[in-house]
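Numbering (my numbering), first residue to last: 5 to 348.
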């Protein structure tokens with residue numbers, strides 16, 4: 005009998021996270037379906053709309069999945085099945101990345117740095133598994149089609165591409181200080197792409213829009229992946245997108261980063277940005293060894309088989325009865341909040 009998999013998706017940026025897992029299940033001929041929140045459903049491909057898509061709790065319960073795959077912090081506890089957390093990012097510096105909310109039976113961690121912390125939680129709570137597989141979006145990034153990508157995105161071959169992707173977190177964001185200087189330092193042979201987080205302060209975004217020129221373009225897609233491939237340099241702060249970019253082994257500039265300062269050039273003043281860009285363009289290999297060191301700790305799995313490993317480990321754990329008698333705490337307050345929050 006085939007296993008049944010349900011993807012539980014509430015954010016549109018989760019689409020590329022599950023894409024390689026979906027493809028693997030399709031190739032294997034497995035039985036799977038989707039739940040998308042209303043805001044996400046409008047962004048999925050026509051191909052996915054042809055698959056089983058559930059719009060309410062009753063349909064998901066009737067589907068009776070063996071496994072629920074979740075790139076997020078919560079899942080409806082009323083749906084049957086083993087609940088697997090695959091994470092919505094590589095935000096390894098954020099305390100919230102390691103918070104146990106008592107929804108999941110298994111956590112699939114990205115690398116040794118994250119695994120160690122979840123193993124400590126496992127010893128404490130004793131009811132869930134921790135499996136180190138890598139983060140599934142890395143498969144998507146590494147396999148993304150890049151042939152003629154500049155032509156597809158209308159980027160001239162003679163232009164250097166700078167990508168600025170700040171986080172929204174008030175304690176970690178760089179946008180207030182970096183955005184005003186961008187129009188002043190752009191060179192004629194550069195094109196800049198700016199990707200704001202969905203939760204970025206709207207005032208910051210609107211103020212920047214008033215000052216952009218023809219060689220500054222805002223990214224309105226939920227998927228930053230093609231721009232990671234286009235970019236010669238990434239500028240950020242303490243955003244998890246830095247670790248996505250690391251796997252492509254290209255220069256990174258951070259502004260007042262909170263951790264791992266030597267993964268690229270870290271600056272503390274906006275007026276240092278232009279010199280950091282020039283230095284990175286002149287010597288893109290300068291921080292290669294540091295980049296590789298950090299990726300080995302955060303997500304060392306670069307063989308394109310992360311998604312396969314997630315599915316195979318899930319099936320194996322079930323076959324070995326690893327989830328038997330693993331009872332979660334009652335978690336009544338969170339369950340009450342979740343029921344009031346969800347609208348199917």
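For each residue, glycine too, the CB sits at the ideal point set by N, CA and C.
Fair warning: this is a prediction, and the values are worked out from it, not measured in the lab.
Item	Value
Tell me whether the segment 104–114 and the segment 77–95 touch, counting them as touching only if at least three CB pairs, one residue from each stretch, are closer than 8 Å.	yes
Between residue 19 and residue 48, is the Cβ-Cβ spacing less than 9 Å?	yes
Does the Cβ of residue 46 have 16 or more other Cβ atoms within 10 Å, making it buried, or fewer, making it exposed?	exposed
Quick one: what's residue 113 bridged to in DSSP?	136
How big is the Cα-Cα spacing for residue 333 and residue 277?	49 Å
Can you grab the Cα-Cα spacing for the pair residue 202 / residue 131, in whole Å?	34 Å
Am I right that residue 256 and residue 238 are in contact with their C-beta atoms under 8 Å? What's the rounded C-beta distance?	5 Å
Using the Cβ count rule (16 or more neighbours within 10 Å means buried), how would you classify residue 222?	exposed
Hey, would you say residue 176 sits closer than 9 Å to residue 243, going by beta carbons?	yes
Under 9 Å, do residue 298 and residue 247 count as touching if we go by C-beta distance?	yes
Jot down the residue ranges of each uninterrupted alpha helix (DSSP H) in the segment 20–58, minimum 4 residues, whole runs only, in chain order.	42–45 and 50–53
Between residue 179 and residue 212, is the Cβ-Cβ spacing less than 9 Å?	yes
Have a look at residue 100 and residue 8 and give me their C-alpha separation to the nearest angstrom.	30 Å
Curious, which full-length beta strand (DSSP E) runs of at least 3 residues does the segment 262–293 contain?	269–271
With residue 71 as the anchor, note down where its beta strand (DSSP E) starts and where it stops.	71–74
So what does DSSP say about residue 248, is it helix, strand or coil?	helix
Quick one: using the 10 Å Cβ neighbour count with 16 as the cut-off for buried, is residue 183 buried or exposed?	buried
Is the beta carbon of residue 41 sitting closer than 9 Å to the one on residue 13?	yes
Tell me the DSSP secondary structure of residue 105 in three-state form.	coil
Return the bridge partner residues of residue 196 from the DSSP annotation.	166 and 220
Hey, could you find the ends of the alpha helix (DSSP H) residue 337 is sitting in?	336–345
Assign residue 149 to buried or exposed, taking buried as 16 or more other Cβ atoms, counted over all protein chains shown, within 10 Å of its Cβ.	exposed
In the DSSP assignment, find the unbroken beta strand (DSSP E) run with residue 10 in it and report its ends.	8–13
Hey, quick one: how far does the beta strand (DSSP E) through residue 87 stretch, first residue to last?	86–89
Using a Cβ-Cβ cutoff of less than 7 Å, which residues in the same chain neighbour residue 37 once the five nearest sequence positions on both sides are dropped?	10, 55, 56, 57, 58 and 67
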